[in-house]
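Input: a single structure, listed below in structure tokens.
There are 2 protein chains.
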Amino acid sequence: MAKNKRGVDRQVKQDEIVDIAGELFLTQGYEATSMAAIARGAGVAPNTLYWYYRDKDDLLISVLDRLLEDGFTRYAALADKPLNELVFWLLKELKQAGGLVATVHARLGESVALRQWHDQFHALMGQLVAGHLAAHGIDGADSRTESAILSFVIEGLLSHPTDQASQRRIIDRLLLGPVSYSAG
Amino acid sequence: MAKNKRGVDRQVKQDEIVDIAGELFLTQGYEATSMAAIARGAGVAPNTLYWYYRDKDDLLISVLDRLLEDGFTRYAALADKPLNELVFWLLKELKQAGGLVATVHARLGESVALRQWHDQFHALMGQLVAGHLAAHGIDGADSRTESAILSFVIEGLLSHPTDQASQRRIIDRLLLGPVSYSAG
DNA sequence: ACCTGAACACCGTTCAAGT
DNA sequence: ACCTGAACACCGTTCAAGT
Numbered sequence: 006m007a008k009n010k011r012g013v014d015r016q017v018k019q020d021e022i023v024d025i026a027g028e029l030f031l032t033q034g035y036e037a038t039s040m041a042a043i044a045r046g047a048g049v050a051p052n053t054l055y056w057y058y059r060d061k062d063d064l065l066i067s068v069l070d071r072l073l074e075d076g077f078t079r080y081a082a083l084a085d086k087p088l089n090e091l092v093f094w095l096l097k098e099l100k101q102a103g104g105l106v107a108t109v110h111a112r113l114g115e116s117v118a119l120r121q122w123h124d125q126f127h128a129l130m131g132q133l134v135a136g137h138l139a140a141h142g143i144d145g146a147d148s149r150t151e152s153a154i155l156s157f158v159i160e161g162l163l164s165h166p167t168d169q170a171s172q173r174r175i176i177d178r179l180l181l182g183p184v185s186y187s188a189g
Numbered sequence: 006m007a008k009n010k011r012g013v014d015r016q017v018k019q020d021e022i023v024d025i026a027g028e029l030f031l032t033q034g035y036e037a038t039s040m041a042a043i044a045r046g047a048g049v050a051p052n053t054l055y056w057y058y059r060d061k062d063d064l065l066i067s068v069l070d071r072l073l074e075d076g077f078t079r080y081a082a083l084a085d086k087p088l089n090e091l092v093f094w095l096l097k098e099l100k101q102a103g104g105l106v107a108t109v110h111a112r113l114g115e116s117v118a119l120r121q122w123h124d125q126f127h128a129l130m131g132q133l134v135a136g137h138l139a140a141h142g143i144d145g146a147d148s149r150t151e152s153a154i155l156s157f158v159i160e161g162l163l164s165h166p167t168d169q170a171s172q173r174r175i176i177d178r179l180l181l182g183p184v185s186y187s188a189g
């Protein structure tokens, strides 16, 4: 499509590449997707990708940014639902992102750019959760504790397929409190 | 070392390979460790590894088994400490395994053998935790819920470096109960 | 500025052959 | 049964050259 050549539309071409890369990453997985395959999909030579992106990780980051952006657009519509509703929604959202969550964690040590993206992502989620918790009078260290637990459990649920019922029990246990077994 | 040739010691040679593979996986990471590097360390030709192991994932599984075995040996010494102590101990243990946790999750889709190992590992941990929770009168679905949450949070803490204090807050929050904000 | 063909330095794995 | 040299089919990335 959209030919480039004269400064017509660098942005468009870039979007096109991210499109196809995202689709392949999500369906085949990051490792299983070769730069050659992405190039083929975008109708360019493999090395052309390096004109637009520093390397494969950089391309991954652009895909993640796109996914995040789309997610936020959808989030806006239900920002003031109760927290547990939001968590279930978020789970469904991230399920789409599938193996990419695991991929990001596995590559944290191999790409500083990716690590930065990851840290920012968690900071962002932390702020969001903090906002919701503040409505319940929870802030400071407690808020950060809750937020960390929530994100860990969400990530866990993503990488460990869990049936709907167990999933609900887990979220409810977190948000409504435990079957108390404090202090043996 | 230990020459093979006549049926002297297949087991010994295999241990030798797992040794060096484990060391490299832990220090350089799975992806960053080539079969060639492992072979070099073991003093054999690269393709010789395929006499002992089906592929790289199979070798990873052997390394994981070794790590697990060692862990259990150390666990035996403190099996009846209180649960939160055990969790802290486990965290320290798994920290050694470092990026391998993320590696396993990232490769779940690419190796059925690895997925089987992973599922068995969680089942095993689940049983262990269930034993401890039973002492607090928790079993059935509740026990499985607690166990799932615990393992997710442990995995989360592993892949997201957290200072000692926050870590303790998180574990205590889980085992001693939340700052209650039930039912808005 | 944008794109390419060709090459580089790998990678995991297989095969046919040797002992 | 154990081990190897050589090759296969990739891989991400770089470079020099073209428009």
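Respectively, the protein sequence lines represent chains A and C.
Per the numbering used here, the first sequence runs over residues 6 to 189.
Per the numbering used here, the second sequence runs over residues 6 to 189.
Ideal placement from N, C-alpha and C gives every residue a C-beta, glycine not left out.
For C:M6, the three-state DSSP class (helix, strand or coil) = Reading the second sequence from its first residue, position 1 is the one you call residue 6 of chain C. Any reading at C:M6 must be qualified, since the residue scores a pLDDT of 45, below 50, and its modelled position is unreliable; the value itself is stated next. DSSP places C:M6 in the coil class of the three-state scheme, outside both helix and strand.
ask   = Short check: CB of A:L113 to CB of C:G114, under 9 Å?
value = Locating residue 113 of chain A in the first sequence gives position 108, where the first residue counts as 1. Locating residue 114 of chain C in the second sequence gives position 109, where the first residue counts as 1. C:G114 sits away from A:L113, with the two beta carbons spaced by 9 Å or more.
request  = Could you give the DSSP three-state label for A:G114: helix, strand or coil?
outcome  = Your numbering for residue 114 of chain A matches position 109 in the first sequence. It is coil, neither helix nor strand.
request  = Go through the region 11-39 of chain A residue by residue and report every complete run of the alpha helix (DSSP H) that reaches 4 residues or more, in order.
outcome  = Along the region 11-39 of chain A, the alpha helix (DSSP H) occurs as fully enclosed runs of 4 or more residues at 15-33, listed in sequence order.
Burial state of C:L181 (16 or more Cβ within 10 Å) = Mapped onto the second sequence, residue 181 of chain C falls at position 176. C:L181 is exposed by the Cβ-count criterion.
task = Measure the C-alpha to C-alpha separation of C:L5 and C:V117 and round it to an integer number of angstroms.
result = No statement about residue 5 of chain C is possible, as the shown extent of chain C runs from 6 to 189 and does not include it.
Selection from C:R59, C:S148, C:T108, C:Y57 that minimises the alpha carbon distance to C:E36 = The count along the second sequence starts at 1 and reaches residue 36 of chain C at position 31. That would be C:T108, whose Cα lies nearest to the Cα of C:E36.
query = Who are the neighbours of A:V158 on chain C, taking C-beta pairs under 9 Å?
reply = Counted from its first residue, the first sequence places residue 158 of chain A at position 153. For A:V158, the neighbours in chain C by C-beta distance under 9 Å run, in chain order, A153, I154, F157, V158, G161.
request  = Confirm, please, whether the CB-CB distance from C:L31 to C:Q101 is below 9 Å.
outcome  = Here residue 101 of chain C is taken as the residue at index 96 of the second sequence, counted from 1. Here residue 31 of chain C is taken as the residue at index 26 of the second sequence, counted from 1. In this structure, C:L31 lies closer than 9 Å to C:Q101 by Cβ.
ask   = Which residues of chain C have a Cβ atom closer than 9 Å to the Cβ of A:H137, listed in chain order?
value = The count along the first sequence starts at 1 and reaches residue 137 of chain A at position 132. Neighbours of A:H137 in chain C, taken as residues whose beta carbon is under 9 Å from its own, are absent, since the nearest beta carbon is some 10 Å off.
query = For C:G131 versus C:L72, is the C-beta distance shorter than 9 Å?
reply = Your numbering for residue 131 of chain C matches position 126 in the second sequence. Your numbering for residue 72 of chain C matches position 67 in the second sequence. In this structure, C:G131 keeps its C-beta atom at 9 Å or more from the C-beta atom of C:L72.
request  = Taking only the alpha-carbon atoms, compute the straight-line gap between C:N52 and A:L179 and give it to the nearest angstrom.
outcome  = Within the second sequence, residue 52 of chain C is the residue found at index 47, counting from 1. Within the first sequence, residue 179 of chain A is the residue found at index 174, counting from 1. C:N52 and A:L179: Cα-Cα distance of roughly 50 Å.
ask   = At what residues does the alpha helix (DSSP H) containing C:Y58 begin and finish?
value = Walking along the second sequence from the start, residue 58 of chain C turns up at place 53. Looking at the DSSP string, C:Y58 is not in any alpha helix (DSSP H), and its letter there is neither H nor E.
task = Using a threshold of 9 Å, state whether the C-beta atoms of C:F157 and A:V158 are closer than that.
result = Position 152 of the second sequence, counted from the start, is the residue given in the question as residue 157 of chain C. Position 153 of the first sequence, counted from the start, is the residue given in the question as residue 158 of chain A. A:V158 sits close to C:F157, with the two beta carbons spaced by under 9 Å.
task = Give a yes or no on contact between the region 159-171 of chain A and the region 149-168 of chain C, applying the rule of three or more CB pairs nearer than 8 Å.
result = With a cut-off of 8 Å, the region 149-168 of chain C and the region 159-171 of chain A count as touching, because enough Cβ pairs lie within range.
message = With distance defined between alpha-carbon atoms, name the residue in A:L96, A:M40, A:Y80 nearest to A:D63.
response = For the purposes of this step, residue 63 of chain A is identified with residue 58 of the first sequence, where counting begins at 1. Distances from the CA of A:D63 to each of A:L96, A:M40, A:Y80 were compared; the closest alpha carbon is that of A:M40.
inquiry  = What are the residues in the region 117-147 of chain A lying within 8 Å of chain C by C-beta distance?
reply    = Taking a C-beta cut-off of 8 Å against chain C, the contacting residues of the region 117-147 of chain A are H127, L138, A140, H141, G142, I143, A146, D147, listed in chain order.
ask   = Helix or strand or just coil, what does DSSP make of C:T167?
value = Within the second sequence, residue 167 of chain C is the residue found at index 162, counting from 1. Taken through DSSP and simplified to helix, strand or coil, C:T167 comes out as coil.
inquiry  = Is there a Cβ of chain A sitting closer than 9 Å to that of C:R59, yes or no?
reply    = As a working mapping, residue 59 of chain C is identified with position 54 in the second sequence. Interface residue (Cβ-Cβ distance to chain A less than 9 Å): C:R59 is not classified as such.
task = Thinking C:A135 and C:D147 are a contact (beta carbons under 8 Å), I'd like their distance in whole angstroms, please.
result = The count along the second sequence starts at 1 and reaches residue 135 of chain C at position 130. The count along the second sequence starts at 1 and reaches residue 147 of chain C at position 142. The beta carbons of C:A135 and C:D147 sit about 10 Å from each other, so the pair does not count as a contact at 8 Å.
ask   = For the region 39-73 of chain C, which residues have a beta carbon sitting closer than 7 Å to at least one beta carbon of chain A?
value = Answer in chain order: no residues at all.
inquiry  = Classify C:L83: buried if its beta carbon has 16 or more other beta carbons within 10 angstroms, exposed otherwise.
reply    = Reading the second sequence from its first residue, position 78 is the one you call residue 83 of chain C. C:L83 comes out exposed.
key: Nearest-angstrom Cα separation, counted from A:T167 out to C:S67   = Indexing the second sequence from 1 puts residue 67 of chain C at position 62. Indexing the first sequence from 1 puts residue 167 of chain A at position 162. If I take the Cα positions, the gap works out to 27 Å.
task = Look at the alpha carbon of A:K97 and the alpha carbon of C:Q19, and state the distance between them as a whole number of angstroms.
result = One-based indexing of the first sequence puts residue 97 of chain A at position 92. One-based indexing of the second sequence puts residue 19 of chain C at position 14. C-alpha separation (whole angstroms): 44 Å.
task = Identify whether A:H123 lies in helix, strand or coil by the three-state DSSP scheme.
result = Counted from its first residue, the first sequence places residue 123 of chain A at position 118. It is helical.
message = Short of 7 Å Cβ to Cβ, which residues in the region 81-110 of chain A face chain C?
response = Cβ contacts with chain C: P87, G104, A107, T108, H110.
ask   = With 16 as the cutoff for other CB atoms within 10 Å, does A:R79 come out buried or exposed?
value = Reading the first sequence from its first residue, position 74 is the one you call residue 79 of chain A. Under this definition A:R79 is an exposed residue.
key: Bounding residues of the alpha helix (DSSP H) (the contiguous stretch that carries A:N89)   = For the purposes of this step, residue 89 of chain A is taken as the residue at position 84 of the first sequence. Its alpha helix (DSSP H) spans residues 88-102.
query = Using DSSP with H/G/I as helix, E/B as strand and the rest coil, what is C:A188?
reply = Working through the second sequence from its first residue, we reach residue 188 of chain C at position 183. With a pLDDT of only 32 at C:A188, under 50, the local geometry of the prediction cannot be trusted, and no value is derived from it.
task = Give a yes or no on whether 9 Å exceeds the smallest Cβ distance from C:G34 to chain A.
result = The residue you call residue 34 of chain C lines up with position 29 of the second sequence. Cβ-Cβ to chain A under 9 Å: yes for C:G34.
task = Using a cut-off of 8 Å between C-beta atoms, extract the partners of A:T150 located in chain C.
result = Translated into the one-based positions of the first sequence, residue 150 of chain A becomes position 145. Within chain C, the residues near A:T150 are S171, R174, I175, R178.
query = Does any C-beta atom of chain C lie closer than 9 Å to the C-beta of A:L29?
reply = Indexing the first sequence from 1 puts residue 29 of chain A at position 24. Under the 9 Å criterion on CB atoms, A:L29 is classed as non-interfacial with respect to chain C.
ask   = Going straight from the alpha carbon of A:D60 to that of A:A128, what length do you get?
value = Residue numbering aside, residue 60 of chain A sits at position 55 when the first sequence is read from its first letter. Residue numbering aside, residue 128 of chain A sits at position 123 when the first sequence is read from its first letter. For A:D60 and A:A128, the gap between their C-alpha atoms comes out near 25 Å.
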